[in-house]
Amino acid sequence: PKPHKNLANVLRAYARARELQDFEAPLVFVGDKSGAESQLNNLAESLGVRDHVQMLGHVAQEALPAVYQGASLFLYPTLYEGFGLPVIEAMASGVAVITSDNSALKEVAEGYAHLVNPLDVEGMAKAIAHCVTDEEHRSALARLGLRRAADFDWRRTAEKTLETYLAVIRSREKSNGEEG
Numbered sequence: 006p007k008p009h010k011n012l013a014n015v016l017r018a019y020a021r022a023r024e025l026q027d028f029e030a031p032l033v034f035v036g037d038k039s040g041a042e043s044q045l046n047n048l049a050e051s052l053g054v055r056d057h058v059q060m061l062g063h064v065a066q067e068a069l070p071a072v073y074q075g076a077s078l079f080l081y082p083t084l085y086e087g088f089g090l091p092v093i094e095a096m097a098s099g100v101a102v103i104t105s106d107n108s109a110l111k112e113v114a115e116g117y118a119h120l121v122n123p124l125d126v127e128g129m130a131k132a133i134a135h136c137v138t139d140e141e142h143r144s145a146l147a148r149l150g151l152r153r154a155a156d157f158d159w160r161r162t163a164e165k166t167l168e169t170y171l172a173v174i175r176s177r178e179k180s181n182g183e184e185g
C-alpha cells in the first residue's frame with residue numbers, strides 16, 4: 006500500500022460523513038490494497054462502517070470506465086501526486102470529483118472539482134456528505150469535470166505541442182532572417 010494515498014483518512018471521513026448525513030452510498034476502494042486490507046477492514050470495523058465498505062482490488066484498465074460511471078462521486082484525497090490521471094479519468098466518465106488541494110491536483114482540478122485538505126478529515130467528511138446528498142451540486146461538478154477532462158484529450162494535446170514547435174521554428178527562422 007502507498008501511505009500517500011491517504012486511505013485511513015478516507016475511511017475516517019466516510020464514517021464521519023455518514024454521521025453528518027444519512028445516505029446509503031457505499032465506499033468502494035479500487036486498486037491493490039495488499040498489505041493494508043486487514044488494517045483498513047479493522048479501521049472500518051472500529052468506525053462502524055465495515056458493512057458499507059467494499060474493496061474491489063485491482064480493476065483492469067478496460068473495466069475502469071464502468072466502475073467510474075457506477076460511482077456517485079470519486080474521492081482522491083492523496084497527500085501528493087505527480088499528475089493525478091485517475092482524477093481526469095473520473096471527470097471524463099462524468100463523475101463528480103473530490104480531490105486534494107495540493108500538488109498537481111490543485112492545478113488539474115481547481116474550479117472543476119471539490120478541493121479538500123487531505124489531512125482535514127472533517128472538511129473531507131462535509132464534502133462527501135454534500136456531494137452524496139445534493140444531486141444538483143454533484144451534477145454541476147460532473148458537468149464541470151467533463152469540460153475539464155476535454156482539455157486533456159490526446160489529439161488536442163498533440164495539436165498544442167505541434168503548434169508550440171511550429172511557433173519556435175517560425176521565431177527561429179524570423180530571427181535568422183533578421184541576422185542575414
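Quick note: to get the numbering used here, add 5 to the position in the sequence shown (first position is 1).
Positions of the beta carbon are idealized from the N, C-alpha and C atoms, including for glycine.
Just so you know, these numbers come straight off a predicted model, no measurement behind them.
Asked                                                                                                   : Found
Element boundaries [alpha helix (DSSP H), containing Q59]                                               : Premise fails: Q59 lies in the beta strand (DSSP E), 58 to 62, not in any alpha helix (DSSP H).
DSSP bridge partner residues for F88 (one or two, in chain order)                                       : Per DSSP, none; premise fails for F88.
Anticipated Cβ contact below 8 angstroms, E86 with S108, distance rounded                               : 5 angstroms
Residue closest to G150, alpha-carbon to alpha-carbon, out of P31, R17, A118, V15                       : A118
Paired residues, beta bridge with Y170 - DSSP                                                           : According to DSSP, Y170 bridges with nothing at all.
Nearest to L16 (by Cα), restricted to the options L32, R160, R153                                       : L32
Of the listed residues E140, F157, L171, nearest to P91 (C-alpha basis)                                 : F157
Nearest-angstrom Cβ-Cβ length linking V64 and V72, presumed shorter than 8 angstroms                    : 6 angstroms
Sequence-distant residues of its chain with Cβ nearer than 8 angstroms to E42 (five each side left out) : M60
Test item: CB-CB of G126 and N14 under 8 angstroms                                                      : It is Val, not Gly, that sits at residue 126 in the sequence shown. The answer is yes: Cβ separation under 8 angstroms.
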